[in-house]
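Heads up: the structure comes next, in structure tokens.
Residue numbers (our numbering), protein chains in the order written: chain A, 1 to 558; chain V, 1 to 308; chain B, 1 to 228.
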């Protein structure tokens with residue numbers, strides 16, 4: 001066995017061909033070799049292609065929504081189309097982009113590498129998961145092409161069961177199907193982390209990214225089936241008029257909401273925990289510091305995962321549920337905010353006495369922390385029952401969860417893509433462009449969503465095709481921001497693809513980072529490691545004084 | 001609007017909510033600014049190459065962790081207690097609150113006063129008296145939201161939900177639906193009109209007036225789907241209805257009929273009977289889909305000058 | 001987790017000879033076996049939550065109208081329910097014996113116990129089908145001429161919807177479990193036991209999940225309230 005202490009590794013200039021076996025990208029280059037691959041790295045890339053496709057479809061829907069809202073009573077799209085647009089935006093972004101985003105792409109690529117494994121536990125299931133996702137994606141495309149669906153992504157009954165005359169069943173089927181791909185990914189990661197850690201890789205030597213993926217996987221496995229069953233019941237009731245949600249049948253529409261949010265609140269943590277994992281890798285690396293409070297960080301994630309299951313009722317404070325239930329859910333929601341606060345404080349403390357370089361991944365990661373902080377703090381407003389009475393289903397809520405999911409998750413996802421791009425494709429991205437894009441996204445995002453907090457406080461409800469004239473100025477500001485944001489998102493699409501072929505060749509460890517994934521070649525060989533690594537120390541063994549004033553990585557092409 | 005976006009409070013509960021808003025804004029604002037500022041200071045001071053002292057970098061501090069777990073927990077708990085205390089008042093209407101019955105349907109608010117007086121998309125209430133809303137829905141879930149009162153309550157089919165308020169200012173306040181209820185969700189708006197005692201008594205004494213039924217017809221015109229084809233600018237080629245009432249209509253068989261009530265009713269229920277010249281017989285029948293009340297309202301609307 | 005071979009007194013070499021090499025990511029065969037078994041446990045956690053949605057519905061409905069659920073529960077067929085519980089508990093025993101036989105590589109005993117388990121499962125399904133037939137005859141179908149009227153009608157309708165949904169979902173799982181057992185019976189004909197030893201242990205876990213779920217359903221559906 002080859003002893004690899006976590007940090008003391010330094011690149012030695014040895015000709016690549018001598019040192020490295022063939023990269024996973026070169027093991028067969030036909031389409032067929034990709035479509036039948038069992039390699040977790042390739043499956044991660046397959047996922048990346050698929051979710052990028054859906055990200056831009058969902059983004060196009062968002063763009064049209066923002067264009068429509070440029071004027072208080074415009075008719076760029078008619079009202080029916082508008083409802084279909086925000087429904088499509090929600091369904092696609094939640095289930096076809098955000099939930100698989102970090103876990104299925106970076107998670108698939110990195111979890112085995114980070115724990116020193118050659119593969120995930122069940123490679124065939126992993127590939128099956130991608131095919132299931134793709135099938136679900138085809139169903140969602142079919143939904144859009146056959147006329148769309150107008151229930152909102154929440155499918156609330158009885159609107160969805162009795163009143164909508166759009167493609168509800170098809171859309172529900174798409175979500176139902178894609179749920180199984182989530183479950184399989186989660187199952188795979190849980191077993192992988194439990195059984196395939198390299199010698200010496202104890203639980204408390206795991207990188208926080210792996211902790212995040214692990215906690216996320218547990219939520220995926222436990223929450224997703226509830227959604228599947230709920231949508232099944234909803235579709236069944238719509239088809240047969242037999243069920244438990246229609247009051248005329250002795251049912252209760254609130255039961256649907258309970259079941260839906262029992263899944264969908266933990267699903268928020270499916271979306272944001274992996275993002276926390278990414279930030280926890282990037283920040284120590286570019287601050288050259290050990291992550292502050294490693295154990296507290298790991299426990300905080302477990303705490304979020306556990307308490308995340310107990311707060312679903314805070315989506316229902318004005319729904320008609322009992323006020324006592326609301327009080328309990330409110331208290332639990334405040335409690336679940338505590339571990340999130342711990343994480344923000346720890347990231348901040350990690351910067352203290354570091355040696356900080358604002359490279360593109362670091363801009364994304366720090367941007368993530370700031371936006372997540374704002375999203376989390378405004379979450380407290382919504383957790384307070386009395387304030388939620390005023391804020392519920394207004395643009396305040398829209399702004400809040402976009403700060404978490406777009407400001408948080410998408411920032412972290414992009415940060416992660418940049419950070420690991422050299423490892424994934426073996427070439428550097430252009431640093432200057434990346435910094436421009438990161439700042440553009442940060443500014444565009446705030447311009448888009450900060451005004452929506454004000455709109456919500458002023459009383460503008462969500463899902464409105466026309467709105468009162470006094471809201472117009474803030475809406476125009478928001479739409480302008482959306483334009484900047486769109487530009488910011490298109491830039492990485494262009495230059496990351498460009499970098500795949502034209503970027504400067506990446507060394508194995510361009511950031512002088514300490515994770516196991518940096519101890520193999522860039523890109524890694526099919527089996528990840530030539531020699532199974534043996535771990536002898538804690539992660540994040542960075543020294544702030546070990547790096548000189550010069551950036552440790554090539555600056556990229558001019 | 002930027003500095004204080006909240007609409008001016010107009011109910012007894014609204015100022016209590018606003019106090020909580022201010023406290024929450026102060027608390028979360030303070031945390032946000034301090035953390036962001038601290039991050040900025042660290043990023044500048046410990047930028048790579050700076051000469052800052054980096055000896056003995058800490059990688060954890062137990063009491064710090066305990067502190068920033070415990071202090072937020074305590075602060076949250078205080079806010080929670082405060083919020084819960086205010087929230088409970090939403091569930092304790094004053095004993096003398098007058099009941100008002102609210103029936104929500106796609107896409108209108110039907111309101112009935114205890115004396116039988118009905119309104120649509122409007123609610124007249126006297127200043128300074130508490131009102132309890134007894135609400136149910138005829139179809140999907142709606143939500144009764146009056147921003148100036150800081151009041152919101154979902155309205156469900158198959159059960160009653162309740163809300164109350166006591167207005168503190170006269171004027172007209174926006175009522176808006178906040179639970180997405182279908183295509184015309186955005187048009188489910190109304191007004192709460194708070195009047196002085198004497199004005200309210202006078203209003204209550206006047207009998208129901210025609211405009212109500214016309215307003216109802218206007219809502220039906222959209223909700224039943226008429227506007228999909230008959231509104232100006234529609235992509236479907238259908239006869240225009242503005243100013244139609246009373247005019248002669250040329251039919252495809254060469255004859256001409258006056259557009260009276262019977263003609264309008266026939267056209268809604270048996271559209272294939274009389275086809276207007278130059279139009280395709282594509283209109284579906286609405287027999288069985290509209291109640292007599294609905295038809296009355298639609299006809300009243302078509303007779304009125306409000307047809308688009 | 002599987003019992004160490006040494007404790008069973010079987011020479012390990014005799015089995016290892018018949019086994020496949022482990023997949024590359026596992027390193028050793030025993031790691032692969034444990035990972036597979038652990039994977040089944042995680043899968044069962046997912047399965048539990050499929051039922052969990054309906055159970056949450058049950059908890060919600062019962063919380064809203066406990067008397068209605070009690071009233072509805074009194075109309076269920078306690079005799080068949082209890083008999084079915086006994087049958088599945090017996091099958092749990094025979095399945096455990098099958099695992100022991102598999103661990104000891106006793107081919108005859110293994111096949112007999114698997115066959116008995118499958119038969120007990122089929123017997124359960126037959127009784128369940130008979131019970132559905134009775135329920136329909138007695139007007140216990142909430143969407144067709146429901147027998148229970150009065151103020152508890154709504155809750156009773158919810159109870160019976162959940163009854164059909166839960167028991168049908170359970171029956172579906174039992175069907176899958178029976179098919180899996182039958183497949184192994186076919187594959188074991190004229191084949192060595194050793195290569196299947198681990199797979200059968202994992203399959204048996206699934207069987208036990210189906211059993212355990214029934215015990216839970218039995219208490220919630222049939223003995224939800226005291227009967228006079």
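Just so you know, even glycine gets a beta-carbon here, dropped at the ideal spot from N, CA and C.
All of these numbers come straight from a predicted model, not from anything done at the bench.
Under the DSSP assignment, residue 467(A) falls outside any beta strand (DSSP E); it carries neither an H nor an E label. Counting every other CB atom within 10 Å of its CB across the protein chains shown gives residue 214(V) a total of 16 or more, marking it as buried. With a beta-carbon spacing of about 5 Å, residue 93(V) and residue 132(V) fall inside the 8 Å limit used to define contacts. Shown here, residue 122(V) sits in a strand according to DSSP, grouped into three states. For residue 90(B), the enclosing alpha helix (DSSP H) stretches over residues 78-103. Contact between residue 311(A) and residue 265(A) holds: CB atoms are separated by about 6 Å, below the 8 Å threshold. Closest in C-alpha terms to residue 174(V), from the list 165(V), 153(V), 145(V), 154(V), comes 145(V). If you draw a 10 Å sphere on the C-beta of residue 66(B), you find fewer than 16 other C-beta atoms in it, and that means exposed. Counting only Cβ-Cβ distances below 7 Å, residue 353(A) has contacts in chain V at 46, 54, 57, in chain order. Taking C-alpha positions only, residue 518(A) is separated from residue 524(A) by approximately 9 Å. Close partners of residue 152(V) in chain A (Cβ separation under 7 Å): 318, 389, 390, 392. Closest by C-alpha distance to residue 168(V), out of 149(V), 232(V), 153(V), 113(V), is 149(V).
In the three-state scheme derived from DSSP, where H, G and I count as helix and E and B as strand, residue 250(A) is classed as coil.
Going by beta carbons, residue 163(A) and residue 140(V) fall inside the 8 Å limit. Taking the CA atoms as reference points, residue 86(A) sits about 15 Å from residue 160(A). Check the Cα spacing between residue 261(V) and each of 255(V), 246(V), 270(V), 253(V): the tightest is with 246(V).
Residue 182(V) is classed as buried because its beta carbon has at least 16 other beta carbons within 10 Å across all chains shown. Excluding its 5 nearest sequence neighbours in each direction, residue 264(V) has C-beta neighbours in its own chain below 7 Å: 299, 302, listed in chain order. Judged by DSSP secondary structure, residue 142(V) falls within the beta strand (DSSP E) whose first and last residues are 142-146.
The beta carbon of residue 507(A) does not come within 8 Å of any beta carbon belonging to chain B, so the residue lies off that interface. In this structure, the CA atom of residue 21(B) is about 36 Å from the CA atom of residue 90(B).
Annotated three-state conformation of residue 223(B) is coil, per DSSP.
For residue 221(V), the closest Cβ of chain A is not nearer than 8 Å. In the three-state scheme derived from DSSP, where H, G and I count as helix and E and B as strand, residue 154(V) is classed as strand.
It is roughly 17 Å from the alpha-carbon of residue 381(A) to the alpha-carbon of residue 461(A). The three-state reading of DSSP puts residue 177(V) in strand, counting E and B together. Under the three-state reduction of DSSP output, residue 283(V) falls in the coil class, being neither helix nor strand. For residue 488(A) against residue 437(A), the beta-carbon gap comes to about 5 Å, under 8 Å, which counts as contact. Distance from the Cα of residue 228(A) is smallest, within the candidate group 99(A), 515(A), 177(A), 413(A), for 177(A). Under the three-pair Cβ rule at 8 Å, the stretch 47-59 of chain A counts as touching the stretch 93-104 of chain A.
Interface with chain V (8 Å Cβ-Cβ cutoff): residue 449(A) is excluded. In this structure residue 167(A) is buried. Its beta-carbon is surrounded by 16 or more other beta-carbon atoms within 10 angstroms.
Close to residue 32(V), with beta-carbon spacing below 9 Å, are these residues of chain A in chain order: 370, 373, 374, 377.
The three-state secondary structure of residue 534(A), taken from DSSP, is strand.
One thing to note: residue 162(B) has its Cβ within 8 Å of the Cβ of residue 244(A). With distances taken between CA atoms, residue 151(V) lies nearest to 13(V) out of 218(V), 76(V), 13(V), 49(V).
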